[in-house]
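Residues 6 to 483, numbered by the working numbering, are exactly what the sequence shown covers, in order. For every residue, glycine included, the Cβ atom is placed at its ideal position computed from N, Cα and C.
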Amino acid sequence: LCCVTPRFGVRCHFTRRGGHQVIVCLFREARGGLQHYVQLPAEPHGLPLNVTIMPEHLKNLGYTTHMIGKWNLGYYKESYTPTRRGFDSFYGFLNGGEDYYDHTILFANGSGLDFWDGTTPVRNQSHHYSTDLFTKKALALINDHDQAKPMFLYFSHQAVHSGDFEVELEAPASAIAHFPYIEEQNRSIIAGAVYELDKSVGLVMEALNKRGMLKNSIIVFSTDNGALPWGEQPNSGYNWPLRGAKFTLWEGGVRGAAFVWSPLLSKSGRLSNQLMHITDWLPTLYSAAGGNLSKLSNIDGKDMWKALSQDLQSPRQEVLINIDPTDNTSALIVGRHKIVLGSYNEGMYDHRTKAPGGSRTVDGLNQMMLSSQTGKVLKDFYNVPQLTVRPNWRNETVVRCDQYAPRDNFVAASPPYYFDLEHDPCELNNLAASNMTELKELTKKIEEYAKSMVPPANKPLDPRGMPQYNHGLWGPWE
Numbered sequence: 006l007c008c009v010t011p012r013f014g015v016r017c018h019f020t021r022r023g024g025h026q027v028i029v030c031l032f033r034e035a036r037g038g039l040q041h042y043v044q045l046p047a048e049p050h051g052l053p054l055n056v057t058i059m060p061e062h063l064k065n066l067g068y069t070t071h072m073i074g075k076w077n078l079g080y081y082k083e084s085y086t087p088t089r090r091g092f093d094s095f096y097g098f099l100n101g102g103e104d105y106y107d108h109t110i111l112f113a114n115g116s117g118l119d120f121w122d123g124t125t126p127v128r129n130q131s132h133h134y135s136t137d138l139f140t141k142k143a144l145a146l147i148n149d150h151d152q153a154k155p156m157f158l159y160f161s162h163q164a165v166h167s168g169d170f171e172v173e174l175e176a177p178a179s180a181i182a183h184f185p186y187i188e189e190q191n192r193s194i195i196a197g198a199v200y201e202l203d204k205s206v207g208l209v210m211e212a213l214n215k216r217g218m219l220k221n222s223i224i225v226f227s228t229d230n231g232a233l234p235w236g237e238q239p240n241s242g243y244n245w246p247l248r249g250a251k252f253t254l255w256e257g258g259v260r261g262a263a264f265v266w267s268p269l270l271s272k273s274g275r276l277s278n279q280l281m282h283i284t285d286w287l288p289t290l291y292s293a294a295g296g297n298l299s300k301l302s303n304i305d306g307k308d309m310w311k312a313l314s315q316d317l318q319s320p321r322q323e324v325l326i327n328i329d330p331t332d333n334t335s336a337l338i339v340g341r342h343k344i345v346l347g348s349y350n351e352g353m354y355d356h357r358t359k360a361p362g363g364s365r366t367v368d369g370l371n372q373m374m375l376s377s378q379t380g381k382v383l384k385d386f387y388n389v390p391q392l393t394v395r396p397n398w399r400n401e402t403v404v405r406c407d408q409y410a411p412r413d414n415f416v417a418a419s420p421p422y423y424f425d426l427e428h429d430p431c432e433l434n435n436l437a438a439s440n441m442t443e444l445k446e447l448t449k450k451i452e453e454y455a456k457s458m459v460p461p462a463n464k465p466l467d468p469r470g471m472p473q474y475n476h477g478l479w480g481p482w483e
């Protein structure tokens, strides 16, 4: 959740590996050395210090800047941590995941605490659910904010990511109890975690409204990658009907859902299919906040604010998904077409997988939204007796596949692949054999992108970063 104080859906594509958040949004991962794998605990590297990120740019516009939740961009030196990268405050964890209740990580035979208030470890919040703790902090920041200055709040919720490397997703029993019809334990847990996340969003919206801040706010809610139903650190999320999962180049790994709400939007209450990449958030929000884009210099992102606000054509026509020289995989979208080269982990995540367990009827979803905390806040904000729900919204947002693709000829781990995403969003029909000229053209584009790529920055773990040598903490050690 990203709140900039100066409603529609957005289709957004993300880079492959996940874990690198909205605040980066400066250039493609291949230009920052982050294209192979996420930052692991005790790895001695991080987002390069010569990279200026969103909170630093917004501070130059006079913003107060706060971060809550997941960092995962390096911390082996204190200079790499959030309050040294433009945030006035930080309340959260430095790695990619942790136990939701005791806020520890068990990894590589090391167990330690990863919960921080700025650069001070938080040792007194064991047994408190992270979603609740983070929400309380957000409410305190909003309530204490001096409205003489604009505010940027980057709320990088842990939910619904998995826990640490040994613990999958967790949720309070009271939240899980709302979903008996699912009849599958792990799916019930993720539903409970989403339930708590939904409550958090509503409470943040309520706090902004009570302080009169909603009228000049931009709210962005977005994922950073697809779900991971199995494998390392799964969360029992499924990307059906899309192919693949987190870590992959398939649409299930990189096509994300998002929404933007703001009274500053010229045309709201709509579904957007405008092509967008995660690097676009920086220039988009910086522009909306009144920044001069020429000051952002060498970035890959496009300013989407006018296109999103006024429902204009997207300035972005292509998206480099990733180039990984270690796995020898890459993918690129140009217009409606997508090329995928190479295969990750011998095709382990190449499949389309339906979620197990039962599901609730879709009847009554409109009323559920209207009666939610966020629905009540917006009703009060607009001062109307009843909010209007967009007719047929659910059918508009559902991804449908089988009626578009002429045939399903997909073979796992058999690149190259070439798809028409407009007619085949689920990547069922590989058109490579009949489009060799186009395939070669897009391959050349990837080769051109690769010229600006730096080597992957991942490094062997440094024993000095293990908690047994670092005061029981996962934190800076140099």
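Short of 7 Å from the beta carbon of A176, and not among the five residues preceding or following it, lie these beta carbons of its own chain, in chain order: I194, G197, A198 and E201. In this chain, N77 is not harboured by any beta strand (DSSP E), its DSSP state being neither H nor E. Here M471 has A47 and G115 as same chain residues with Cβ atoms under 6 Å from its own Cβ, once five neighbours each way along the sequence are excluded.
Of the candidates V209, H282, P396 and S364, P396 places its Cα closest to the Cα of L276. Counting only unbroken stretches of 4 or more residues, the alpha helix (DSSP H) elements lying wholly within the segment 400 to 461 are 441 to 455, in sequence order. The C-beta distance from S161 to I223 rounds to 17 Å, too long to fall under 8 Å, and the pair is not in contact. For H342, the enclosing beta strand (DSSP E) has its first and last residue at H342 to L346.
Around S94, the same chain offers H71 as residues with beta carbons nearer than 6 Å, after the five sequence neighbours per side are excluded. Judged by beta-carbon spacing, Y291 lies beyond the 9 Å limit of L52, meaning their Cβ atoms are not closer than that value. Excluding sequence positions up to five before and after G480, its CB lies less than 6 Å from no other CB in the same chain. Per DSSP, W310 is one residue of the alpha helix (DSSP H) stretching across W310 to Q315. Counting along the chain, the unbroken alpha helix (DSSP H) around D385 starts and ends at Q378 to Y387. According to the DSSP assignment, S116 belongs to the beta strand (DSSP E) that extends over G115 to L118.
Apart from the 5 residues on each side of it in sequence, A437 sits with its Cβ closer than 7 Å to the Cβ of P421, Y422, Y423 and L444 in its chain, given in chain order. Residue pairing of T125 in beta bridges, as defined by DSSP: D122. Here T379 is buried: its Cβ has 16 or more other Cβ atoms, across all protein chains shown, within 10 Å.
Taking one beta carbon from each stretch, the segment 330 to 337 and the segment 302 to 309 have fewer than 3 pairs nearer than 8 Å; the two do not touch. Taken through DSSP and simplified to helix, strand or coil, Y105 comes out as coil.
Note: D329 is bridge-paired with T334 in the DSSP secondary-structure output. The secondary-structure analysis by DSSP pairs G97 across a beta bridge with G74 and W121. Sixteen is the threshold: when 16 or more other Cβ atoms of the shown chains lie within 10 Å of the Cβ of K343, as they do, the residue is buried.
For F170, the secondary structure class from DSSP, reduced to helix, strand or coil, is coil. Taking C-beta atoms as the reference points, N77 and G101 count as a pair closer than 9 Å.
Going by C-alpha positions, N55 is about 42 Å away from N440. In this structure A143 is buried. Its beta-carbon is surrounded by 16 or more other beta-carbon atoms within 10 angstroms.
Between the alpha carbons of G258 and K215 lies a gap of roughly 38 Å. C-alpha of A153 to C-alpha of A293: approximately 18 Å in a straight line. The Cβ neighbour count for V403, taken over all protein chains shown within 10 Å, is under 16; the residue is labelled exposed. The Cβ atoms of L280 and I451 do not sit closer than 9 Å to each other. Here T140 carries a helix assignment [DSSP, helix/strand/coil]. About 25 Å separates the beta carbon of R248 from that of R365, a gap too long to meet the 8 Å contact definition. With contacts defined by Cβ atoms closer than 9 Å, V127 and Y105 do not form a contacting pair. Annotation for M210: the continuous alpha helix (DSSP H) segment containing it runs Q190 to K215. Per DSSP, reduced to three states, the secondary structure at S241 is coil, with no helix or strand assignment. In the three-state scheme derived from DSSP, where H, G and I count as helix and E and B as strand, L287 is classed as helix. With 16 or more other Cβ atoms inside 10 Å of its own Cβ, H108 counts as buried.
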